[in-house]
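**Q**
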Ligand code: FES
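Numbering (the working numbering), first residue to last: -18 to 609.
Spelled out as structure tokens, the structure:
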């Protein structure tokens, strides 16, 4: 059996395999937001010729079914061959280098809290007397004795280190440079190198659920040499952490997912090493920051219990393991430090965010929020920190939204309704014809539609306005944002409900942390916003729909990717690494899913902007002006 693509490619198909699995096996990846459960509709493809059996038509319109569209994850071929067409919107782009907004000057941020560079690796230059017939101590005893003479005791030696010892000592004629790390128990020898090689580099990596960002750093001066970023290839297993956990455990994909993420990092690093003429062996340390699930998957540790009550990860504080354990393409004995996690849904990326935002150093109360694939928040000051994961879901990244997509070329990123008309002005990334809508476009659309009376406070489409843009779809009313001969981009009432749920979860999370700590919105001195679409978020509009609190706009600050910023600082400083462990240990996590108070806050926030309009005086004023 064969699958023929309209592009001319032909692949073998195994008996009983879904089209999605067959394509994946041959290196063709489809968007699979729900991880192949047949409920998101994102993996749709068009069958041109051939017989098939399908088990789900979720999210497909009657017209699409009529035209031969199927969900690849639930479709099996019953004829010999099948010819299919994969629409652009269903193709998953992974492995591409993507543009990132570089997070300000990190070195400046580093020097604002630390003066000295203290990488993970410490160096010790030693001359060891060569063995003779009269002095025939073993290699290891000989090394230990010299180290102790230098005043360094309790050095630990791994089997790998000892295995490498006889050759390297003799090759370097007993004049060596020993690399070791400090551990809780003392010190651990990592590797030996020649004193002639004086270059030393490190990498800081942010493993996001959606994107991976890598900074290559010169450890001699702390300067960032270059950066790279790409989509996390694990996207092919699903958009959100829950789907990934299910795929890793029930789907038996743990090893493959670990390999995916390591390969992504290696692929980002390789061109940088070539460009700057750096050897992989000269990368002497790495720091990883990710949410709890990403950190588990990176090390190949079962994340299954993260999603099962009582929601316990295997570990929050990770020992420093060596790069060779996971085939990271750097010096195989290089130490890899993982930012500590706080709880199942508050990970090292958030600890990184606290470090980068410095809210733990301020006397005043600040709020840190990372609006990425999930939505985590931290409230506190130098004395205390409370945190929560809002379960906002990845809908601002396109998941669960009919024409939702990530902020890539062709995504509607801004929407404006010309007052008094039903004309829409759309901003599209890359100035291309739109093929979908991304998070900032969704917030814009929601704001404009609400402000201009196209939807009511509950997000229901008002049928007697903008009549030419409203149609009845298979899931209920739909609002047409864009239409040409080929495609129509709509926001359905179901999409709007999902967006309102996501914004309500974020607002309710903030309200609950304030309520639990006895503070109010007025007590917040600064709100730091980090995360994927942080820099593109229009504060006014996010306030208008009730996602952010209605407080003075000058209190908001965008920080970009704070996960990489914290990882970078940990790469350069032992004090910052200690601070990271301290922050993770002292942060109080509030589990929102079992909090009664959260449900109350959430239900109150399921309105635009909120059930209690008095919480939104500026929105109340705008609406009052509109209605007079
Ligand atoms: S419907 Fe196929 S991956 Fe979601």
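Glycine included, C-beta positions come from ideal geometry on N, C-alpha and C.
(1) Any Cβ of chain B within less than 9 Å of the Cβ of residue 459?
(2) Do the CB positions of residue 488 and residue 507 come within less than 9 Å of each other?
(3) Closest to residue 110 by C-alpha separation, out of 104, 118, 593, would be which residue?
(4) Once you ignore the five residues that flank residue 384 on each side, which residues in its own chain have a CB closer than 6 Å to its CB?
(5) If I'm right that residue 327 touches residue 570 with Cβ under 8 Å, what's the distance once you round it to whole angstroms?
(6) Return the Cβ separation of residue 186 and residue 195 in integer angstroms, given the expectation that the two are a contact with Cβ distance under 8 Å.
(7) Does the Cβ of residue 448 have 16 or more other Cβ atoms within 10 Å, making it buried, or fewer, making it exposed?
(8) Use the C-beta contact count for residue 294: other C-beta atoms within 10 angstroms, 16 or more gives buried, fewer gives exposed.
(9) Taking 8 Å as the cut-off, is the beta-carbon of residue 216 closer than that to any non-hydrogen atom of ligand 1?
(10) When the Cα of residue -14 is compared with those of 423, 460, 7, 165, which residue comes out closest?
(11) Does DSSP classify residue 181 as helix, strand or coil?
(12) The beta strand (DSSP E) spanning residue 470 covers which residue range?
(13) Among 392, 90, 566, -12, which residue has its Cα nearest to the Cα of residue 421?
(14) Mind listing, in chain order, the continuous alpha helix (DSSP H) runs of no fewer than 4 residues lying wholly within the stretch 460 to 504?
(15) So is the beta-carbon of residue 1 under 8 Å away from any non-hydrogen atom of ligand 1?
(16) Tell me whether residue 14 counts as near ligand 1, meaning its Cβ is closer than 8 Å to at least one heavy atom of that ligand.
(17) Counting C-beta neighbours from all protein chains within 10 Å, is the total for residue 559 16 or more, i.e. buried, or is it exposed?
(18) Could you give the DSSP three-state label for residue 99: helix, strand or coil?
(19) What does residue 593 pair with, by DSSP beta-bridge criteria?
(20) Does the Cβ-Cβ distance between residue 642 and residue 519 come in under 9 Å?
(21) I'd like the ranges of any alpha helix (DSSP H) spanning at least 4 consecutive residues and lying wholly in the stretch 273 to 337.
(22) Any heavy atom of ligand 1 closer than 8 Å to the beta-carbon of residue 37?
(23) By alpha-carbon positions, which one of 414, 100, 57 ends up nearest to residue 31?
(24) Of the residues -18, 317, 53, which one's Cα is nearest the Cα of residue 26?
(25) Who are the Cβ neighbours of residue 97 in its own chain at under 8 Å, not counting the five residues just before and after it?
(26) With respect to the beta strand (DSSP E) encompassing residue 267, which residues constitute its N-terminal and C-terminal limits?
(27) Please tell me whether, using a cut-off of 8 Å, the distance from the CB of residue 486 to the nearest non-hydrogen atom of ligand 1 is below it.
(28) So, helix, strand or coil for residue 212, using DSSP?
(29) Quick one: using the 10 Å Cβ neighbour count with 16 as the cut-off for buried, is residue 549 buried or exposed?
(30) CB residue 302 to CB residue 316, shorter than 9 Å?
(31) Measuring straight from C-alpha to C-alpha, what distance separates residue 140 and residue 172?
(32) Please report the Cβ distance between residue 493 and residue 576, rounded to the nearest whole angstrom; I am assuming they are in contact, meaning their Cβ atoms lie under 8 Å.
(33) Can you give me the Cβ contacts of residue 438 inside the same chain, cut-off strictly under 7 Å, excluding the 5 residues immediately before and after it?
(34) Could you tell me which residues DSSP puts in a beta bridge with residue 258?
(35) Taking 8 Å as the cut-off, is the C-beta of residue 5 nearer than that to any heavy atom in ligand 1?
**A** On the basis of the supplied data:
(1) Of the protein chains in this structure there is only one, and it is not chain B.
(2) No, the Cβ-Cβ distance between residue 488 and residue 507 is not below 9 Å.
(3) Put simply, of 104, 118, 593 the residue whose alpha carbon is nearest the alpha carbon of residue 110 is 118.
(4) Only 417, 418, 470 meet the Cβ criterion.
(5) At roughly 6 Å, the Cβ-Cβ gap stays under 8 Å, so residue 327 and residue 570 are in contact.
(6) Indeed, because the Cβ distance is near 5 Å, the residues count as touching under 8 Å.
(7) The residue in question, residue 448, is exposed, as its Cβ has fewer than 16 Cβ neighbours within 10 Å.
(8) By the neighbour-count definition (other C-beta atoms within 10 Å, threshold 16), residue 294 is a buried residue.
(9) For ligand 1, not one heavy atom lies less than 8 Å from the Cβ of residue 216.
(10) From the listed residues 423, 460, 7, 165, the smallest Cα separation to residue -14 is found for 7.
(11) In the displayed model, residue 181 falls within coil according to three-state DSSP, outside both helix and strand.
(12) Unbroken beta strand (DSSP E) run through residue 470: 469 to 473.
(13) Residue 421 has its Cα closest to that of 392, out of 392, 90, 566, -12.
(14) Restricting attention to alpha helix (DSSP H) runs no shorter than 4 residues, the stretch 460 to 504 encloses them at 474 to 498, ordered along the chain.
(15) It does: the Cβ of residue 1 is within 8 Å (strictly closer) of some heavy atom of ligand 1.
(16) Under cutoff, so the answer is yes.
(17) Classification of residue 559: exposed, given that the 10 Å Cβ count is below 16.
(18) When secondary structure is reduced to three states using DSSP, residue 99 falls in the coil class, being assigned neither helix nor strand.
(19) In DSSP, residue 593 forms no bridge with anything.
(20) Outside the displayed span of the chain (-18 to 609) sits residue 642, for which this structure offers no information.
(21) DSSP runs (the alpha helix (DSSP H)) wholly in the stretch 273 to 337: 273 to 280.
(22) Because some heavy atom of ligand 1 lies under 8 Å away, the Cβ of residue 37 counts as near it: yes.
(23) If we check each option's Cα against that of residue 31, 57 comes out closest.
(24) Of -18, 317, 53, the residue nearest in Cα terms is 53.
(25) Excluding sequence neighbours, residue 97 sits near 554.
(26) First-last of the beta strand (DSSP E) with residue 267: 264 to 271.
(27) False, no ligand heavy atom lies under 8 Å from that Cβ.
(28) For residue 212, the three-state secondary structure derived from DSSP is strand.
(29) Per the 10 Å Cβ criterion, buried.
(30) In contact: residue 302 and residue 316 (Cβ atoms closer than 9 Å).
(31) Residue 140 and residue 172: Cα-Cα distance of roughly 12 Å.
(32) Correct: roughly 6 Å between the Cβ atoms.
(33) Closer than 7 Å at Cβ, skipping near neighbours: 588, 589.
(34) Paired residues: none, contrary to the question.
(35) Residue 5 Cβ: outside cutoff for every heavy atom of ligand 1.
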